[in-house]
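Asks: What follows is a single structure, and I will ask about it in a moment.
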Amino acid sequence: MKRWIFFVLLGLMTSCLDDSDDVYFHEHKQSILLLQVDYTNYEFEKGTELFLHAEYSDADTIPIGVDYDSPGDFGNISLFYEPGNELIFDGSIVWNGTGHLKFPRWFYYPSQFATLDIPVEKPADDEFQIIFPEEGVEYPLDSIWNAVNHLSIVSRYLKSGKKIGIFRYTPSVGVGDPNEWDWYVIMNTN
Numbered sequence: 001m002k003r004w005i006f007f008v009l010l011g012l013m014t015s016c017l018d019d020s021d022d023v024y025f026h027e028h029k030q031s032i033l034l035l036q037v038d039y040t041n042y043e044f045e046k047g048t049e050l051f052l053h054a055e056y057s058d059a060d061t062i063p064i065g066v067d068y069d070s071p072g073d074f075g076n077i078s079l080f081y082e083p084g085n086e087l088i089f090d091g092s093i094v095w096n097g098t099g100h101l102k103f104p105r106w107f108y109y110p111s112q113f114a115t116l117d118i119p120v121e122k123p124a125d126d127e128f129q130i131i132f133p134e135e136g137v138e139y140p141l142d143s144i145w146n147a148v149n150h151l152s153i154v155s156r157y158l159k160s161g162k163k164i165g166i167f168r169y170t171p172s173v174g175v176g177d178p179n180e181w182d183w184y185v186i187m188n189t190n
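Take the sequence shown: its position 26, counted from the start at 1, is 26 in the UniProt record's numbering, and no numbers get skipped.
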């Protein structure tokens, strides 16, 4: 009797298994690094690493698409890694108010990043890629770079040979408060 129950239970358990294990275990072909830098004082605030499923692009630029909904009252900006149309950034924008970052949700704080004894030298200005360039906006590349040049992960990503993305997120516009804005350093590697 025990044997019969054992085989029935074994049959039930194996019938519940799903052969498509790839649903649970994804192969990551590459990753994107997002580092948030304060807009006014250029201090590194937090960062995250996103693992992507799309094929790695051999281009020297980061293939990022932008979906921008201009804020009449409420707007939004989303960044996508184009080869796979994978979301890498999503934030709301509010006219005479303050939007919020919707994606990514999880970040590491500065104390959680390994640092270097000798900061990484800033690459030439033509090695930077402005994501969603805005007319009349100055991009202080030296100050932004100096906020993250001491991070070990920056040194690792720099070895990919890709340009370094710079993106300005302004969740408040109209009377907008620059103290609520941020710069994002975006790097890509395989």
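Here a beta-carbon is modelled for each residue, glycine too, at the ideal position from N, C-alpha and C.
Please go through the same chain and pick out, in chain order, the residues whose beta-carbon is closer than 6 Å to the beta-carbon of G65, but skip the five residues on each side of it.
Replies: The answer, listed in chain order, is F80, E82.
Asks: Helix, strand or coil for L116, going by three-state DSSP, please let me know.
Replies: In the structure shown, L116 sits in coil (DSSP, three-state: anything other than H, G, I, E or B).
Asks: Could you tell me whether the Cβ atoms of W183 and Y39 are closer together than 8 Å?
Replies: It is a contact, given that the beta carbons lie within the stated cut-off.
Asks: Beta strand (DSSP E) containing L101: first to last residue?
Replies: Here the beta strand (DSSP E) through L101 covers 101-103.
Asks: Exposed or buried, which one is residue 191 when buried takes at least 16 other CB atoms within 10 Å?
Replies: No statement about residue 191 is possible, as the shown extent of the chain runs from 1 to 190 and does not include it.
Asks: Nearest-angstrom Cα distance between P123 and S111?
Replies: Computed Cα separation, rounded: 25 Å.
Asks: So the alpha helix (DSSP H) P158 belongs to, where does it begin and stop?
Replies: Reading off the sequence, residue 158 comes out as Leu, not Pro. Looking at the DSSP string, the run of the alpha helix (DSSP H) that includes L158 is 152-158.
Asks: Report the rounded CA-to-CA distance for S57 versus G97, giving the unit in angstroms.
Replies: Taking the straight line joining both Cα atoms gives about 38 Å.
Asks: My output table needs one value for N179: the three-state DSSP class, helix, strand or coil.
Replies: It is helical.
Asks: How far does the alpha helix (DSSP H) with V148 in it reach, from first residue to last?
Replies: Start and end: 141-148.
Asks: Can you list, in chain order, the residues of its chain whose CB lies under 7 Å from that of Y24, leaving out five sequence neighbours each side?
Replies: Residue confidence is low: Y24 scores 42 on pLDDT, short of 50, so the model does not pin down where it sits. Its coordinate-derived value is still stated next. There are no such residues.
Asks: In this structure, how does DSSP classify S78 when only helix, strand and coil are distinguished?
Replies: S78 falls in the strand class under three-state DSSP.
Asks: Could you check the C-alpha separation between V173 and G72 for me, to the nearest Å?
Replies: So the alpha carbons of these two residues sit roughly 10 Å apart.
Asks: Decide yes or no for the touch test of the region 134-152 against the region 83-93: beta carbon pairs closer than 8 Å, at least 3 of them.
Replies: Cβ pair count under 8 Å is below three, so no.
Asks: Compare the beta carbon distance of I88 and F113 with 8 Å and say whether it is the shorter of the two.
Replies: In this structure, F113 does not lie closer than 8 Å to I88 by Cβ.
Asks: Here's the rule: buried if 16 or more other CB atoms are within 10 angstroms of the residue's CB, otherwise exposed. What is G171?
Replies: A quick correction: the sequence has Pro, not Gly, at residue 171. It is buried - the Cβ of P171 has at least 16 other Cβ atoms within 10 Å.
Asks: Quick one: give me the first and last residue of the beta strand (DSSP E) that K46 is part of.
Replies: Its beta strand (DSSP E) spans residues 44-52.
Asks: Do you know offhand how far G165's Cα is from L33's?
Replies: Going by the C-alpha atoms only, they are around 10 Å apart.
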